[in-house]
Each structure stands twice: as structure tokens, then as C-alpha cells.
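Residue numbers (the numbering used here): 34 to 177.
Quick reminder that beta carbons are idealized off the backbone N, C-alpha and C, glycines included.
Note that the coordinates shown come from a computational prediction; the quantities given were computed from them, not determined experimentally.
The structure appears right after this line, and notes come after that.
In C-alpha cells, the structure reads:
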């Protein structure tokens, strides 16, 4: 039997810290501590060549249950729809108008942080409602 492995989710982006801090707010994650010997990330980044400073950001679930998120700077911008995306599970166990109200309230909170609502998909008798969104740099995700 194969062992269960931990995994992280990696985002390519232009501004790793900005996008990473957005996702910390979305998920209640905490930023990774600075490397040993540094009081903060700014101090660490000042020791690097300018082009390497701020090249990545990481955060994790403080409970240790969720995967680590890693954000890395890449030179190219996003040009196509993601082939994978995160489903942020805020409506689990809820149905109908109650579910939609919870999803819309969370969408409003995330829009205030810089997210964009792409589409509200209403319950259709087969599937429950969900809201398709994009983060600060256009990474797609769903409120589910």
C-alpha cells in the first residue's frame, strides 16, 4: 500500500508576497517564518541580489491539516485558464438560499481584498450553487 504524502500547491505569479498574503486572508493561513538568524523577511531579502529579493512567499495552515501554499515569481504573465484550481469550501453542508447567502457573503469579503467575481452558478436541481472567482493576479478559484 502506498504511503500518503504531503503536498504543496504552487502559484506562479508576478508578486509572490502580495498574492500569498491574499491567500492567507482567504484561508486563515499564516506566513512562513523568516529563515533562522533573521527577524523578518525584509532583513533576509536585503541580503540577496535585488533580482532575487521577494522571489517567493510561502504560507501554511496553522492547524497543520491543509497543504502548504508556495508563491513563486515568474517573468511571464498568466495567458490561459488554469488547468487546476482551488475550491474554497465555505458552503459545505448548506443547500439552497442558505448556501447561496453564505457564498455571496464570502465573495463580498474577498472582493474587498481584491478578488473578482467571474460567475455565480445557481443551484440547478443537480448541482448546488458555487461562485467562480479570480485572485489578485487572475488565478481562478471557486467558492463551493
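Is the Cβ-Cβ distance between residue 65 and residue 96 less than 8 Å? Remark: C-beta atoms of residue 65 and residue 96 do not approach each other more closely than 8 Å.
Could you say if the stretch 134 to 147 and the stretch 109 to 116 meet the contact criterion of at least three C-beta pairs nearer than 8 Å? no
Going by DSSP, name the residue or residues bridged to residue 37. Residue 37 is not bridged to any residue.
Candidates 147, 107, 45, 123, of which the one nearest residue 84 by Cα: For residue 84, the closest alpha carbon among the candidates 147, 107, 45, 123 is that of 107.
Beta-carbon contacts of residue 68 that lie in its chain and below 7 Å, excluding the five residues immediately before and after: Residues of the same chain with a CB within less than 7 Å of the CB of residue 68, apart from the 5 flanking positions on each side, are 77 in chain order.
Relative to the ligand GTP, is the shortest distance from any of its heavy atoms to the C-beta of residue 164 smaller than 7 Å? By its list of ligands, the structure shown contains no ligand whatsoever, and the ligand GTP lies outside what it can speak to.
Would you check if the stretch 165 to 177 and the stretch 140 to 156 touch, i.e. whether three or more CB-CB distances between them fall below 8 Å? yes
For residue 61, count neighbouring C-beta atoms within 10 Å of its own C-beta (all shown protein chains included) and say buried if the count is 16 or more, exposed if not. Classification for residue 61: exposed.
At 3 residues or longer, what runs of the beta strand (DSSP E) sit wholly inside the stretch 45 to 127? 89 to 93, 101 to 106, 119 to 121
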